[in-house]
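All remarks here apply to the structure that follows.
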Amino acid sequence: MSRTVLAAFALVLMTAYTDASFPESAIENLRKLLTDQFSTDRHHITNPGGKRAALGFLNQTFRSYGLQTWIYDFPSENSQYPGTNIVAMWPGRNTGTALDRPVVLTASVDTGNDKPGRDDNGSGMAAVVESARLISSQTCVQDHTIFFGVFDFEERSDSACVNGACGSMEFVKNIMQPYVSAYGGEVSKYGGIIVLDAVLNYNNTEMAQSLLNETVFKETPGMADVYNHIKADNYRGNFISAIYRPAADSALHDAFNKKWSESVDALQIRVESPIIPHKNITSIIEKQSSPFWQVYQQLILHDVYSFWKMVEDMPAIFVTDTGFARGREKDYFQCGPDDNMQLTGDRLLFLKKITDVSTAVLRDKAGTREECRDPTTEAPANFEGGLELHGELTMGASDRRSYSFLVSSFSSSGIVHAMLSNSTWSKALTGRYDGDTHRLLLRPKAVVANDAFDTLLCGMTGNLDKLSDGVLYSGQLTGRCGISGSGQEHITFVLYSEQGALGGGPSLALPVILSLLSSVLVSAMSAWCYYKRKHSDQELKTPILSKGPQSA
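Going by mature numbering (1 follows the signal peptide of the UniProt record, and there is no 0), the letters in the sequence shown line up with residues -20 to -1, 1 to 532, in that order.
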């Protein structure tokens, strides 16, 4: 083979793959988020407007990144103050199957009464938003689902959530558990949850770090190494804390530590890892069955408590700068809503590293590839905004219905926006084209509180192929898509166009279409029979999202 041929072949290989080097977070993005969006008081009584503004920004931003996003209310302990959660999903190849091992990055939106919002927990929200930007900018489709969650009522409040962590408890009960059980999986098989709460305060001055009830803390099982390290360093607040239970969280914690050590920083920030030696720690705290229960309670009475309480085997770690236990410009308990923590260079580097490491763990646990085929070169040439496909959705052997599929946009990163419709029904879709498998993975885009249960469990997946000088999209719609009625659906589809964007409609050879319909229908009927055998006559009876009072 000549050198010219080899060079040409190498060029083809280079152009067929996309550069999947993983970008890092941008300090200026983090600074802008903390300055423009997340510095205000966000308490439900002292500044409900501030909370609504932050939630609105999160909703708009996640959607702009192409994430399937829900903003929904849930009932608190006081009907006058419903809580509001935001959940955004970045689907992977295994989304909507029993093979899925979702990973989750979370923060909280609310603040204490009349308290500043930058560190607690604007910093956590900034990290989540920036991580979502980094994750969604990648063209390679990962194996497992990535969730980003921002929860309300993490703070304890006599007026709405006495014990705190109400929004995260809602998420576990009415999204995490039903999502996995709907597909025959196990919640304990989640890839892991990283909870970020106050991750901005880097303070390298001596005596900046306090230990609550230090005499008892140093004797508490699992705390000796942390105590000795802090004391030896003259109580500097120059570390990040990653709290975990070895019995359930070791793999996730080890992944966090590994990514931390691989991430170089000028400050040489270390990780301190308070060990919770009991997998059933929430039960121990509630029963007060250990002489050290109060130390453990002070450490974990945050959103991580919900995950460990609801499913003891669920891997989760709590990442924090230790909150008010670390010194700042003004004592936290003396702070008013305008007493925000200063954004020093060291603090922004601290937040950047936490953001980058958390994002790296998400990528690793979700099975993100470092190299993949470029979706724009692998897709059929005519697959672009304006392309309209026509064809049939098959509900059963004698129930076929005509539908149209309009591609709204197809970005260079593989994100697709589209509309599936007929004369009486339409659904906006968003998703990704996988250049390696040539599959188009779509899920509902327009999500409101009343249909969040259905849209979480609806997926449209199939092969995208070039046929003649047109495009063919064939596969299955599964879940609660609302096409044939309520409940679980297994619908096959064949959609096609010969003439590319803004063409004159379908004209594909009838024998080819009939052959495709037949083969897809056989596959669908086999899947349906398997589903019915597995699930018998059981229906999903637990709502994924409670229908609590809606916000005004």
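Note that beta-carbon positions come from the ideal geometry of N, C-alpha and C, so glycine has one too.
Mapping the DSSP letters down to three states, classify Asp283 as helix, strand or coil. What you label residue 283 is simply residue 303 of the sequence shown in a count that begins at 1. Of the three classes helix, strand and coil, the one that applies to Asp283 here is coil, per DSSP.
Local conformation of Asp319 per DSSP, three classes: Position 339 of the sequence shown, counting from 1, holds the residue named residue 319. Under the three-state reduction of DSSP, Asp319 is assigned to coil, being neither helix nor strand.
Let me know if Asn27 comes out buried or exposed under the rule of 16 or more other beta-carbons within 10 Å of its beta-carbon. Position 47 of the sequence shown holds residue 27. Counting the other CB atoms within 10 Å of its CB gives Asn27 a total of 16 or more, which places it among the buried residues.
Find out if the Cβ-Cβ distance for the pair Asn93, Met321 is shorter than 8 angstroms. Your numbering for residue 93 matches position 113 in the sequence shown. Your numbering for residue 321 matches position 341 in the sequence shown. No, they are not a contact pair.
For His258, I'd like the list of residues in its chain whose CB is within less than 6 angstroms of its CB, leaving aside the five on either flank, ordered along the chain. Here residue 258 refers to the residue found at position 278 when the sequence shown is read from its first residue. So the list reads Ile264, once near-sequence residues are dropped.
With contact counted as at least three CB pairs below 8 angstroms, one residue from each stretch, are the stretch 212 to 225 and the stretch 302 to 310 in contact? Taking 8 angstroms as the limit for Cβ pairs, the verdict is that the stretch 302 to 310 does touch the stretch 212 to 225.
Give a yes or no on whether the C-beta atoms belonging to Gly72 and His124 are separated by under 8 angstroms. On the sequence shown, residue 72 is found 92 positions in, with the first residue counted as 1. On the sequence shown, residue 124 is found 144 positions in, with the first residue counted as 1. Pairing Gly72 with His124 gives a Cβ-Cβ distance under 8 angstroms.
Mark residue 588 as exposed unless 16 or more other C-beta atoms lie within 10 angstroms of its C-beta, in which case mark it buried. Nothing can be reported for residue 588: it is not among the residues displayed for the chain, which extend from -20 to 532.
Please look up how many angstroms separate the CB atoms of Tyr276 and Phe385, rounded, as I've assumed it's under 8 angstroms. Within the sequence shown, numbered from 1, the residue matching residue 276 stands at position 296. Within the sequence shown, numbered from 1, the residue matching residue 385 stands at position 405. Actually they are not in contact, since the Cβ atoms of Tyr276 and Phe385 sit about 54 angstroms apart, beyond 8 angstroms.
Rounded to whole angstroms, what's the CA-CA distance from Arg11 to Arg98? Just pull it up for me. Here residue 11 refers to the residue found at position 31 when the sequence shown is read from its first residue. Here residue 98 refers to the residue found at position 118 when the sequence shown is read from its first residue. A direct Cα-to-Cα measurement between Arg11 and Arg98 gives close to 10 angstroms.
Mind checking who Lys407 pairs with in its DSSP beta bridge? Within the sequence shown, the letter at position 427 stands for residue 407. For Lys407, the beta-bridge partners assigned by DSSP are Leu400.
Flag this pair as yes or no: are the beta carbons of Leu447 and Tyr413 separated by less than 8 angstroms? Taking the first residue of the sequence shown as 1, we reach residue 447 at position 467. Taking the first residue of the sequence shown as 1, we reach residue 413 at position 433. 8 angstroms or more divides the Cβ of Leu447 from the Cβ of Tyr413.
Using C-beta distances below 7 angstroms, list every residue in its chain close to Ala112, excluding the 5 sequence neighbours before and after it, in chain order. Counting from 1 along the sequence shown, the entry for residue 112 is found at position 132. Residues Phe42, Tyr45, Leu47, Ala68 and Phe128 of the same chain have their beta carbon placed closer than 7 angstroms to that of Ala112, with the five preceding and five following residues left out of the count.
Let me check understanding here. Comparing Cα to Cα, which of Ser221, Asp229, Glu469 and Ser393 lies closest to Gly376? Residue 376 sits at position 396 when you count from the first residue of the sequence shown. It is Glu469 whose Cα lies nearest to the Cα of Gly376.
Based on the DSSP secondary-structure assignment, which residues constitute the bridge partners of Phe2? Position 22 of the sequence shown, counted from the first residue, corresponds to residue 2. Per the DSSP secondary-structure output, Phe2 pairs with nothing in a beta bridge.
Flag this pair as touching only if the stretch 74 to 91 and the stretch 103 to 120 have three or more C-beta atom pairs under 8 angstroms; answer yes or no. Taking a cut-off of 8 angstroms on C-beta distances, the stretch 74 to 91 touches the stretch 103 to 120, as three or more cross pairs fall below it.
State the Cα-Cα distance for the pair Val187 and Asp100, rounded to the nearest angstrom. On the sequence shown, residue 187 is found 207 positions in, with the first residue counted as 1. On the sequence shown, residue 100 is found 120 positions in, with the first residue counted as 1. According to the sequence provided, residue 187 is Met. The question's Val does not apply to it. Cα to Cα, the separation comes out at about 21 angstroms.
From Thr324 to Val175, what does the alpha carbon distance come to, in whole angstroms? Residue mapping note: residue 324 aligns to position 344 of the sequence shown, counting from 1. Residue mapping note: residue 175 aligns to position 195 of the sequence shown, counting from 1. Approximately 24 angstroms, taken between the alpha carbons.
If you draw a straight line from the C-alpha of Val396 to the C-alpha of Gly415, how long is it? Counted from its first residue, the sequence shown places residue 396 at position 416. Counted from its first residue, the sequence shown places residue 415 at position 435. In a straight line, the C-alpha of Val396 is about 13 angstroms away from that of Gly415.
Could you round the C-beta distance between Phe298 and Ile280 to whole angstroms and report it? I think they count as a contact, below 8 angstroms. Sequence index remark: in the sequence shown, residue 298 carries index 318 (1-based). Sequence index remark: in the sequence shown, residue 280 carries index 300 (1-based). With 8 angstroms as the limit, Phe298 and Ile280 qualify as a contact, their Cβ atoms being about 6 angstroms apart.
Val500 in three-state terms, based on DSSP: Your numbering for residue 500 matches position 520 in the sequence shown. With a pLDDT of only 49 at Val500, under 50, the local geometry of the prediction cannot be trusted, and no value is derived from it.
Short check: CB of Gly144 to CB of Phe131, under 8 angstroms? On the sequence shown, residue 144 is found 164 positions in, with the first residue counted as 1. On the sequence shown, residue 131 is found 151 positions in, with the first residue counted as 1. It is not a contact, given that the beta carbons lie outside the stated cut-off.
Taking the straight line between their C-alpha atoms, what separation do you get for Arg81 and Gly171? Residue mapping note: residue 81 aligns to position 101 of the sequence shown, counting from 1. Residue mapping note: residue 171 aligns to position 191 of the sequence shown, counting from 1. So the alpha carbons of these two residues sit roughly 5 angstroms apart.
So, for Trp508: in the same chain, excluding its five sequence neighbours on each side, which residues have a beta-carbon less than 7 angstroms away from its beta-carbon? Along the sequence shown, read from residue 1 onward, the residue named residue 508 stands at position 528. Confidence at Trp508 is low in this model, with a pLDDT of 44, below 50, so its placement is unreliable and the value that follows should be read with caution. Cβ contact annotation for Trp508 (same chain, cutoff 7 angstroms, sequence separation greater than five): His470, in chain order.
Ala87 lies in the beta strand (DSSP E); which residues open and close that run? The residue given as residue 87 occupies position 107 in the sequence shown. In this chain, the beta strand (DSSP E) harbouring Ala87 covers Val83 to Ser88.
8 angstroms contact criterion, which Thr348 and Ser221 should meet: CB distance rounded: Within the sequence shown, residue 348 is the residue found at index 368, counting from 1. Within the sequence shown, residue 221 is the residue found at index 241, counting from 1. Thr348 to Ser221, Cβ: 26 angstroms. No contact.
So, are the CB atoms of Leu475 and Leu409 less than 8 angstroms apart? Here the question's residue 475 lines up with position 495 in the sequence shown. Here the question's residue 409 lines up with position 429 in the sequence shown. No; because the gap between Cβ atoms is not below 8 angstroms, this pair is not in contact.
Our contact map puts Ile223 next to Ile256 with C-beta atoms below 8 angstroms; I'd like the distance itself, whole angstroms only. Position 243 of the sequence shown holds residue 223. Position 276 of the sequence shown holds residue 256. Sure, about 6 angstroms apart at Cβ, within 8 angstroms.
Return the chain-ordered ranges of every beta strand (DSSP E) run that is complete within the stretch 49 to 74 and spans a minimum of 3 residues. Qualifying beta strand (DSSP E) stretches, in chain order: 63 to 70.
Can you check the stretch 431 to 470 for any alpha helix (DSSP H) of at least 4 residues that lies completely inside it and give the ranges in chain order? Scanning the stretch 431 to 470 from its first residue to its last, the whole alpha helix (DSSP H) runs of 4-plus residues come out as 432 to 436.
Taking 7 angstroms as the limit between beta carbons, can you name the residues of its chain near Tyr61, skipping five residues before and five after? Reading the sequence shown from its first residue, position 81 is the one you call residue 61. Within the same chain, Tyr61 has close Cβ partners His24, Ser139 and Ala140.
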